[in-house]
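Here's the structure, in structure tokens; my notes come after.
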Amino acid sequence: MAELPPRKNATPTKLTKLLISPLQVLLQMGFPKHRAEKALAATGYRNVQLASDWLLAHVNDPTLDDQQPREYLLYLCPAGYLQSQLQEFWARSVRECGRNGAHEFLPHVTLVPPFKVPDSSVPSIVSLLERITEHENHPIPELRLETYISQNFMGFFLNQDSAEVIKVMAFRFARELAQINVAAEAHTQALHLTLAYNFPSGQFSTLEYLVRALNPNNGYSHWQLRLYSRDIRLSGKKVYKVVFPHVPRETDELELLLGDFVYVDPEACNNSIDGWIEGISWLTGCSGFLPKNYVEKTAESDAWTLHKSVELNPSADDLDEIDGISASSDQARRLLSQVSPELGCNSGKSSPTVRQETSPPRGVAVRPTELSKCTENYVNSDLDMAGLSPVVERPLAFKQGPRRLFIVRHGERVDFTFGTWIPYCFDESGKYVRKDLNMPLSVPKRQGSPESFFKDCPLTILGETQAGLLGQALRSAGESNKIQHVYCSPSLRSLQTCQNILKGLEIEQSIPISLEPGLFEWLAWYQDSMPQFLTPSEMLDAGFRLREQHQYFIDFSELCDRRESAEQYYMRSHYVTQCALRCTEHIGGDVLLIGHASTLDACSRQLVGGLPRSAQELSRIVHRIPYCSLAAVQQQQPRWKLIEPPVPPMTYSANLRFDWQTLLP
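The letter at position 207 of the sequence shown is residue 207 when you use UniProt numbering, and the numbering goes up by one with no holes.
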């Protein structure tokens with residue numbers, strides 16, 4: 001049959017696909033226009049899938065057809081090192097002093113207070129913000145902050161030069177909004193970032209100490225213009241996050257799902273006589289009664305939608321990229337000439353107290369001066385572990401082309417395959433008994449067995465096979481000599497996956513495993529208690545070859561806040577990824593991370609320039625990442641880029657358990 005000649009002119013199909021908008025797609029799906037616009041506004045115009053999911057979740061929302069616009073806010077928000085400092089300050093001030101008014105919002109400088117925008121006009125205001133920032137003619141000076149402390153307010157004020165330039169942009173944005181019939185007023189007072197207010201007088205000394213410990217002008221920070229929106233029903237309400245799920249038993253009760261938020265009247269909690277309060281679900285828009293002890297207070301901004309984030313770069317004649325942060329050449333040379341012992345990844349052991357004081361805050365890009373010391377020590381860390389076979393010497397992988405980062409989910413796990421398995425696979429003496437050919441031949445000896453396997457289960461035989469096949473495929477693709485560094489989550493299933501991948505690569509005797517607690521999955525999925533991981537000695541007894549000199553980027557003791565938000569989880573994962581890449585940069589070679597379904601997105605998203613996902617988006621994406629999935633990220637200045645993995649994916653079908661008695665006559 002003759003082949004069709006290519007069409008040189010644009011075809012109707014191509015033009016349609018090029019010009020069609022998310023709104024048009026939703027209209028083609030049959031959604032009414034006002035509902036489609038409402039869903040797109042509520043989800044930040046991310047994509048059609050998220051908007052349609054929102055509509056399905058809000059099918060019983062009594063306000064779904066109300067023509068109520070959302071409220072929008074324009075904030076100036078810190079990023080980088082200052083953001084991490086403030087996150088630590090927020091957490092510590094809550095822990096030591098309790099909540100105050102500042103904890104209702106994320107750290108920010110208000111530029112335009114809340115203003116209402118019709119759902120149909122949302123794309124216009126986003127485009128307007130982009131246009132204003134792109135055509136900003138005035139150079140933006142380095143934003144300097146001045147600390148202010150009084151008996152009822154603590155915060156940072158922008159210095160005059162910084163404030164004037166930012167105010168000009170805010171006034172221009174408000175003026176342009178007026179031209180599209182949106183009433184908004186730029187913030188006219190002194191621009192400031194609130195750290196604490198409405199706090200008891202008895203907490204003044206502690207808060208003052210915490211505020212003075214902050215260093216807002218360290219040169220490692222940058223700023224972003226962020227456009228947020230919030231549900232109009234949030235007005236006058238407090239936001240609580242769900243910590244325990246609840247299935248309604250009565251028709252007036254509200255279903256609670258992990259990852260959801262609830263809007264509650266402030267007086268409801270104080271006036272409740274039976275422990276039940278009335279609230280509105282952020283996830284579904286439905287209202288009902290819920291048990292008060294199933295939710296806990298959180299920041300109102302956790303329930304907001306981010307529509308646009310624009311980086312503000314300081315003016316400079318010559319900018320260099322250092323750890324993803326823009327700095328002038330003079331500043332870069334000054335930073336690189338310093339010597340800093342702060343990074344907690346040098347060889348040898350240190351006490352937890354010393355590490356807590358000297359390690360950089362979570363979510364911060366590692367400083368260049370710290371990296372030089374880190375990599376210098378790392379070169380000398382390939383030492384043999386006592387009682388193990390000698391490590392085979394391998395030549396260092398010098399930089400030949402861009403580096404790559406491989407991220408892998410663990411293989412098939414026993415509990416998800418067999419359900420409740422511990423009562424049936426351990427006898428009265430605690431001895432493991434294999435009940436299925438897909439169950440492991442044996443399990444490691446560990447403290448608290450068999451109960452400690454409940455949240456830290458092993459792989460199935462198929463899971464080990466999956467990992468081995470992936471390793472063999474990587475070896476066939478020529479990766480055995482390129483992967484030089486391996487970091488693994490402390491979960492048993494991840495360690496077993498890592499071990500079998502290295503066996504498939506045939507490098508298990510030459511590349512030890514760097515155990516990294518920071519690679520463990522989102523802590524919010526462990527509300528009641530954390531897993532009891534194997535101890536290092538138990539890991540050695542189980543046959544895992546660990547790098548003895550590796551010092552954790554994030555210690556086990558830091559995995560204790562089970563109220564970790566999705567954004568904090570992404571920051572933790574990004575921090576670990578940056579540390580792993582920077583600490584091995586001097587040696588070169590590709591890096592392999594072994595973790596969980598969420599690890600693939602959490603360790604790559606910010607690396608390629610994306611923003612942390614919401615809890616709802618995170619919960620959705622993990623269901624699309626099957627066992628032993630492989631993500632590949634390649635270094636491309638100034639950012640990294642997701643690329644097609646060097647091996648194809650792995651597909652297999654479900655296999656039901658066979659009962660021989662079904663053949664009986």
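A virtual CB, placed ideally from N, CA and C, is assigned to each residue, including glycine.
Only a predicted model underlies this, so the values are computations on that prediction, with no experimental measurement involved.
Can you give me the Cβ contacts of residue i inside the same chain, cut-off strictly under 6 Å, excluding the 5 residues immediately before and after it?
{"i": "Ile594", "result": "Val408, Cys488, Ser494, Thr497 and Cys498"}
{"i": "Glu464", "result": "Asn500"}
{"i": "Ser309", "result": "Gln224 and Arg226"}
{"i": "Glu176", "result": "Leu128"}
{"i": "Gln68", "result": "Ile232"}
{"i": "Ala163", "result": "Leu191"}
{"i": "Ala615", "result": "Gly259 and Ala566"}
When you compare the CB positions of residue i and residue j, do they come within less than 8 Å of one another, or not?
{"i": "Ser491", "j": "Phe544", "result": "no"}
{"i": "His246", "j": "Tyr294", "result": "yes"}
{"i": "Asp260", "j": "Val243", "result": "no"}
{"i": "Val486", "j": "Leu642", "result": "no"}
{"i": "Arg226", "j": "Cys77", "result": "yes"}
{"i": "Phe89", "j": "Leu214", "result": "yes"}
{"i": "Pro633", "j": "Leu607", "result": "First, the amino acid is wrong: residue 633 is Val here, not Pro. Yes."}
{"i": "His108", "j": "Tyr75", "result": "yes"}
{"i": "Pro113", "j": "His187", "result": "yes"}
{"i": "Gln160", "j": "Phe204", "result": "no"}
{"i": "Val264", "j": "Gly279", "result": "yes"}
{"i": "Leu459", "j": "Gly411", "result": "yes"}
{"i": "Gln570", "j": "Arg620", "result": "Residue identity differs from the one stated: residue 570 is Tyr in this sequence, not Gln. No, they are not a contact pair."}
{"i": "Leu283", "j": "Ala524", "result": "no"}
{"i": "Val48", "j": "Leu26", "result": "yes"}
{"i": "Arg563", "j": "Ile513", "result": "no"}
{"i": "Trp522", "j": "Ser629", "result": "no"}
{"i": "Ala542", "j": "Pro444", "result": "yes"}
Using a 10 Å radius around the Cβ and a threshold of 16 neighbouring Cβ atoms, would you call residue i buried or exposed?
{"i": "residue 684", "result": "Because residue 684 is not part of the residues shown, which for the chain are 1 to 665, the question remains open."}
{"i": "Arg657", "result": "exposed"}
{"i": "Glu321", "result": "Low local confidence applies: a pLDDT of 33 at Glu321 is under 50, so the model's placement there is unreliable, with the coordinate-based value given in what follows. Exposed is the call here."}
{"i": "Ser429", "result": "exposed"}
{"i": "Pro248", "result": "exposed"}
{"i": "Asp601", "result": "buried"}
{"i": "Thr651", "result": "exposed"}
{"i": "Ile273", "result": "exposed"}
{"i": "Asp456", "result": "buried"}
{"i": "residue 673", "result": "With the chain represented from 1 up to 665, any question about residue 673 goes unanswered, as that position is not in the structure."}
{"i": "Ser93", "result": "buried"}
{"i": "Cys97", "result": "buried"}
{"i": "Ser537", "result": "exposed"}
{"i": "Leu143", "result": "buried"}
{"i": "Leu437", "result": "exposed"}
{"i": "Val433", "result": "exposed"}
{"i": "Met29", "result": "exposed"}
{"i": "Phe453", "result": "buried"}
{"i": "Cys603", "result": "buried"}
{"i": "residue 674", "result": "Residue 674 cannot be examined here, being either before or after the span of the chain that is shown, 1 to 665."}
{"i": "Gln83", "result": "buried"}
{"i": "Ser476", "result": "exposed"}
{"i": "Phe156", "result": "buried"}
{"i": "Gly468", "result": "buried"}
Would you grab the beta carbon distance between residue i and residue j for me? Rounded to a whole angstrom, and I think it's under 8 Å.
{"i": "Val211", "j": "Ile277", "result": "That pair is no contact at about 34 Å."}
{"i": "Ser229", "j": "Glu71", "result": "7 Å"}
{"i": "Arg403", "j": "Gln635", "result": "5 Å"}
{"i": "Gly471", "j": "Leu505", "result": "5 Å"}
{"i": "Pro645", "j": "Ala654", "result": "Going by Cβ atoms, the distance from Pro645 to Ala654 rounds to 24 Å, so no, they are not a contact pair."}
{"i": "Ala170", "j": "Leu111", "result": "4 Å"}
{"i": "Lys297", "j": "Tyr240", "result": "6 Å"}
Only counting the same chain, and skipping five residues up and downstream in sequence, which positions put a Cβ closer than 7 Å to that of residue i?
{"i": "Phe105", "result": "Ala299, Glu300 and Ser301"}
{"i": "Leu207", "result": "Ser93, Cys97, Met154, Ala196 and Phe199"}
{"i": "Gln661", "result": "none"}
{"i": "Ser480", "result": "Leu505, Glu506 and Ile507"}
{"i": "Ala268", "result": "Ile277 and Glu278"}
Can you list, in chain order, the residues of its chain whose CB lies under 8 Å from that of residue i, leaving out five sequence neighbours each side?
{"i": "Gly101", "result": "Thr194, Ala196, Tyr197, Asn198 and Phe199"}
{"i": "Ser287", "result": "Pro62, Leu254, Glu278, Gly279, Ile280 and Ser281"}
{"i": "Ser235", "result": "Glu71"}
Looking at the C-beta of residue i, does it have a partner C-beta in chain B at a distance below 8 Å?
{"i": "Val486", "result": "Reference to chain B is not applicable here, since this structure consists of a single protein chain."}
Does the count of Cβ pairs from the stretch 540 to 559 and the stretch 511 to 518 closer than 8 Å reach three?
yes
Tell me, please, whether the stretch 296 to 307 touches the stretch 38 to 48 by the rule of three or more beta-carbon pairs shorter than 8 Å.
yes
Three or more C-beta pairs under 8 Å: does that hold for the stretch 580 to 588 against the stretch 524 to 533?
Three or more Cβ pairs closer than 8 Å define a contact, and the stretch 580 to 588 falls short of that threshold against the stretch 524 to 533.
Stretch-stretch touch, CB-based, cutoff 8 Å, three pairs: the stretch 251 to 270 with the stretch 279 to 297:
yes
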